[in-house]
Amino acid sequence: MQTIEFKQLDETLFYKKLPNGLDVYILPKKGFSKTFVTFTTKYGSIDRTFVPMGESEAITVPDGIAHFLEHKMFEKEDGDVFQQFSEAGASANAFTSFTRTAYLFSATDHIYKSTETLLNFVQEPYFTEQTVNKEKGIIGQEITMYDDQPDWRLYFGAIENMYHNHPVKIDIAGTIESIDKITAEHLYTCYNTFYHPSNMLLFVVGAINPTEMMAFIEKNQSQKEFPEPTPIERHFEDEPKEVATKERELKMDVQKPKVYVGLKAKETDLSGEEMLKHELSVQIALECLFGRASNFYTEVYENGLIDETFAYDFSLEKGYGFALIGSDSNQPDQLANKIKDEINNAEKNLTADKIERVKRKKIGFFLRALNSMEFIANQFTRYKFNEMNLFDAVPVIEKLTIDDVLKAFQSVQGESQQTVFKVLPSSERKE
Amino acid sequence: MFLSTKLAEGVTLHIRQTTQFKTVNFSIKWRTPLTTKDAAERAVLSNVLQHSNGRYKKSAEFRSYLDDLFGTVLYFDATKRGNEHTLLLNVETVNDQYLAENKVFNEVLELLNTVVFEPNFENGSFVPSIVEREKEMVIQRIQSIFDDKTRYAQHRLTQIIRPNHPASISANGTIETVKAITPESLTKAYEKMISEDKVDIYVVGDFDVEAVQKKLTEALSFKDRTPKQAEKKTDVSKPEKDYVKEQQEMKQGKLHIGFSTPVTFGDEDFPKMQIFNGVFGGYAHSKLFMNVRERESLAYYASSSYSAHYGLVYVLSGIEPANEKKATDVIFEQLEAIKKGEISDLELTQTRAMLINQLKEALDLARGQIDIYDQYKDLDEQFSVDLWKERWEKVTKEDVQKMASQVQLEAVYFLSGKEA
């Protein structure tokens, strides 16, 4: 077992790669009664075309399958896994993102029992045509629920505008039509390809003894047999640098228009510390330009172009990346133009003193976030899947220069990278 | 858990020293009886106080200063609990020991005094342009409920079953009451809040307790007050209709059902009602989840929540509109089953374990420690997890059955798409 110390943060991380390839990280937290455990596979909605384990030809599976598989993992021959977690007083959950599927629980008691439940239910698939079909009604309602959420539609509308081919533009849960095609056999194919321990990471954080916990996990894993790991071959079509659609809108039953300006990233091939530096730099640039302390914010707030929903964010993974900036606004076009102007003239506002201030803010954010076990476990996993280290973030921020920020920001700058998506009220409503 | 000291009549300071967190958390809560007019004024007030103050008259200057303090988080908010309105100030700052340079903590203490006692006044009252813009922000917040169909359906249900009652009064007031606010009326509301409200101040973090006590007492000079007690509203009549259906442009149907119970927060039967809710629909092992979702595949979510301060139980589910009757039937069957005593030992064990875990987990957060203590301190002199654990363990099947038999339907509300 390796120990990695982060002196300034007063944290010690324990790590071991098990013989079956599973990466196990344990972070003990003093003074807490809770433990939080995530078991994550590097497999998300974008992994739709791949070579199944043991085969040589790539296949494309129905959209929404990673998420469908996540749902179906909870049902076993002898019932629902939630029952076991509840009995041990553990809150269990799972989520599927573009790039990851995570299974998790938090609890203050019976930690070993629930850890065992987690490891076993994720590593013992049980799918039948009957249980698969039964789930279609449930997931159908989940899809319909999201369809009615204007903020979700706005988010996906903007992503759809940006991408020509990349599957990030496909809704994580798929559509009612695509999930209808899913079979138990599909689920086994995806499971066998992506749920090999060598493609997974277990993170334990909380009130635990790291040596005992590691031994417990090792013992559980050594009792199971897995095939030899083989590299996973994922296929992606080439994606042009420029956005697919410059502008689009959707009518919904909303009281006020919503708008996002999307900026498609050109630089999507980084990993490790280079990626960490790049990602933090773009986030800092956005905060300088659009944060509460910015000239931009003061102006659009005073002109009434935004309300409390104003937000901006940057996401980056291998193969895709984008920034989104927007708000509910009665003048969505005017706001979109202001945002674009600000991007086009970013150099004017990305000054050394502003960057220094935002760096301090960002350091404070990370230190606050380290109080949260959910943040640590989820973000550590995401960083690790991109060969980055969460605990490097503070030292990397400290070292960032104005040149780093200006250079990184160029990735999302440029007219051909910009798109606008609006959700508009479908009709005049009377109060 | 907390060390409480009286700073003035009606003003209490609660301190908790712990090495659990890398930050220090402050929370100041001002309370007054809940009315629509007060709620509106205090919602706008919380925005205006967050915008700027006497030291930083421009919002951008204020925000830059907070960024410089390693992104110290500072926000005001308007909430409600039972028949009281709470205006709160939350501040979270990094503990100096994790920073290369220090003094952040002292600056934050000074800042607390500034944001509370030195408002951004122009000729003795709030700046009209700021008041107007923040009124607009609160109005937008109220209107945005319409875009979130779950929140909207829940809002409509409470209006139907408890009109003109604290349960349905929004902590933000109404559009009309917000519109009626002037800089002068807002200034009066501020002065009333500062001098008349019941005040609780919380601090959680790793520090020298005596030093913080001393500094805070100096920084926050509250005067004696005799806070008004909110009256408990008892004259509740049955809603005019027990079924309301409304339509909007949407795909899913939102089925929201309201029930009442005579048991409210702090009553002797309160722990029994908490167990009842857990067996009925509070968790993923509950009857609603297992039957509406897992057995019948009717919904992605089907759950219940116990709004203890108002003596109400809500059931929420998102379904295919055509399945309205079937889903309603399955939901009522679950309640009937509990009334008949169809409660397994496993369901009781699971529910107790989940309640205990929820409480213990919440206490791992500084904000959770503040909120739970703030809520439970009036019930028991010595709040502890073990005390509640014991209360939940005593609850029997018969108790849960009895709770179910006291639950009365108030109304069913169904929001769905327009029919072709």
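Sequences listed follow chains A and B, in order.
If you count by our numbering, then the first sequence holds residues 1153 to 1583, one letter each, in order.
If you count by our numbering, then the second sequence holds residues 12 to 431, one letter each, in order.
We put the beta carbon where it would ideally sit given N, CA and C, even for glycine.
Checking the sheet assignment: what are the DSSP bridge partners for residue i?
{"i": "A:P1577", "result": "A:M1404"}
{"i": "B:P44", "result": "B:E95"}
{"i": "B:E329", "result": "Contrary to the premise, residue 329 of chain B reads as Gly rather than Glu in this sequence. DSSP output for B:G329 lists B:K265 as bridge partner(s)."}
{"i": "B:F137", "result": "B:F132"}
{"i": "B:L14", "result": "B:I26"}
{"i": "B:D88", "result": "B:L99"}
{"i": "A:I1178", "result": "A:F1166 and A:V1356"}
{"i": "A:E1207", "result": "In DSSP, A:E1207 forms no bridge with anything."}
{"i": "A:G1414", "result": "A:L1476 and A:T1571"}
{"i": "A:F1247", "result": "A:A1254"}
{"i": "A:L1468", "result": "A:G1473"}
From the DSSP output, in three-state form, read off residue i for me.
{"i": "B:D382", "result": "helix"}
{"i": "A:F1378", "result": "coil"}
{"i": "A:Q1154", "result": "strand"}
{"i": "A:F1279", "result": "coil"}
{"i": "A:G1231", "result": "strand"}
{"i": "A:F1474", "result": "strand"}
{"i": "A:V1510", "result": "helix"}
{"i": "A:Y1340", "result": "helix"}
{"i": "B:E409", "result": "helix"}
{"i": "A:Q1570", "result": "strand"}
{"i": "A:K1582", "result": "In this predicted model, A:K1582 has a pLDDT of only 43, less than 50, meaning its place in the structure is not dependable; the value taken from the coordinates is given anyway. Coil, per DSSP."}
{"i": "B:A431", "result": "Here the model assigns B:A431 a pLDDT of 44, short of 50, so the residue's position is not dependable, and the following value carries that caveat. Of the three classes helix, strand and coil, the one that applies to B:A431 here is coil, per DSSP."}
{"i": "B:V274", "result": "coil"}
{"i": "B:L323", "result": "strand"}
{"i": "B:I39", "result": "strand"}
{"i": "B:D219", "result": "coil"}
{"i": "A:D1505", "result": "helix"}
Anything in chain A within Cβ reach of residue i, meaning under 9 Å, just list it in chain order.
{"i": "B:M12", "result": "What B:M12 touches in chain A: nothing, since even the nearest Cβ is about 13 Å away."}
{"i": "B:E147", "result": "G1456 and D1459"}
{"i": "B:F270", "result": "In chain order: nothing, as chain A lies at least about 23 Å away."}
{"i": "B:L309", "result": "G1289, I1290 and Q1293"}
{"i": "B:E20", "result": "The contacting residues do not exist; B:E20 stays about 35 Å from chain A at best."}
{"i": "B:V105", "result": "I1515, G1516, L1519 and R1520"}
Just the chain A side, please: which residues come within less than 7 Å of residue i by C-beta, in chain order?
{"i": "B:F32", "result": "N1523"}
{"i": "B:E133", "result": "Residues of chain A passing the Cβ test: none, with the nearest at roughly 16 Å."}
{"i": "B:L398", "result": "Near B:L398 there are no residues of chain A at all, since even the closest Cβ is about 16 Å away, more than 7 Å."}
Interface residues of chain A around residue i at Cβ under 8 Å?
{"i": "B:Q263", "result": "Q1293, T1296, M1297, D1299 and D1300"}
{"i": "B:Q259", "result": "D1405"}
{"i": "B:A71", "result": "R1444, A1445, S1446, N1447, Y1449 and T1450"}
Can you pull the chain B neighbours of residue i, defined as C-beta to C-beta under 9 Å?
{"i": "A:S1243", "result": "Y294, A295, M365, N368, Q369 and E372"}
{"i": "A:Q1235", "result": "A295, H296, M301, L357 and Q361"}
{"i": "A:G1309", "result": "Here the premise fails: no neighbours, minimum Cβ distance about 15 Å."}
Could you give the first and the last residue of the continuous beta strand (DSSP E) run that contains residue i?
{"i": "B:K114", "result": "Taken as a continuous stretch (DSSP letters only), B:K114 belongs to no beta strand (DSSP E), as it is neither H nor E."}
{"i": "B:E421", "result": "Q419 to G428"}
{"i": "A:Y1449", "result": "Unbroken run through A:Y1449 is the alpha helix (DSSP H), N1447 to E1454; no beta strand (DSSP E)."}
{"i": "B:F287", "result": "Segment F281 to N288 is the alpha helix (DSSP H) holding B:F287; no beta strand (DSSP E) there."}
{"i": "A:F1257", "result": "T1253 to A1259"}
{"i": "A:G1309", "result": "Segment P1302 to M1314 is the alpha helix (DSSP H) holding A:G1309; no beta strand (DSSP E) there."}
{"i": "B:E257", "result": "Y254 to Q259"}
Output, in chain order, the set of chain B residues within a Cβ distance shorter than 7 Å of residue i.
{"i": "A:A1240", "result": "A364"}
{"i": "A:I1515", "result": "F81"}
{"i": "A:K1286", "result": "S308"}
Within the continuous alpha helix (DSSP H) that includes residue i, where are the two ends?
{"i": "A:S1330", "result": "I1328 to D1332"}
{"i": "B:A164", "result": "K160 to I172"}
{"i": "A:S1433", "result": "G1424 to F1442"}
{"i": "A:L1325", "result": "One point to set straight first is that residue 1325 of chain A is Ala, not Leu, in the sequence displayed. Counting along the chain, A:A1325 falls outside any alpha helix (DSSP H), and DSSP gives it neither H nor E."}
{"i": "B:Y76", "result": "S70 to D79"}
Can you list the residues of chain B that residue i reaches, using a CB-CB cut of under 8 Å?
{"i": "A:V1510", "result": "D78"}
Task: Residues within the segment 277-296 of chain B neighbouring chain A, beta-carbon criterion of under 8 Å - done: Answer in chain order: Y294, A295 and H296.
TODO: For the segment 344-368 of chain B, enumerate the residues whose C-beta is nearer than 7 Å to any C-beta of chain A, in chain order.
DONE: Cβ contacts with chain A come from L357, T360, Q361, A364, M365, I367 and N368.
Task: chain B contacts made by the segment 1391-1411 of chain A, where a contact means CB separation under 8 Å - done: Within the segment 1391-1411 of chain A, the residues whose Cβ lies closer than 8 Å to any Cβ of chain B are, in chain order, M1404, D1405, V1406, Q1407 and K1408.
TODO: Anything in the segment 78-91 of chain B with a Cβ closer than 9 Å to a Cβ of chain A? List those residues in chain order, please.
DONE: Within the segment 78-91 of chain B, the residues whose Cβ lies closer than 9 Å to any Cβ of chain A are, in chain order, D78, D79, L80, F81, G82, T83 and V84.
TODO: Using a Cβ-Cβ cut-off of less than 8 Å, list which residues of the segment 320-339 of chain B approach chain A; keep chain order.
DONE: Listed by position along the chain: G329, I330 and E331.
Open item on the list: Give me the subset of the segment 1258-1275 of chain A whose CB atoms are less than 9 Å from a CB atom of chain B, sorted by chain position.
Closed with: Taking 9 Å as the Cβ-Cβ cut-off against chain B, the residues of the segment 1258-1275 of chain A that qualify are S1258, A1259, T1260, D1261 and H1262.
Open item on the list: Please identify, using Cβ separations under 7 Å, the residues of the segment 1185-1216 of chain A that lie next to chain B, in order along the chain.
Closed with: Answer set for the segment 1185-1216 of chain A: S1185 and K1186.
Open item on the list: For the segment 1564-1578 of chain A, list every residue whose C-beta sits within 7 Å of some C-beta in chain B, in sequence order.
Closed with: Contact residues of the segment 1564-1578 of chain A toward chain B are S1578 (C-beta to C-beta distance below 7 Å).
Open item on the list: Any C-beta of chain B within less than 9 Å: which residues of the segment 1163-1178 of chain A qualify?
Closed with: Correct list: empty, as no residue qualifies.
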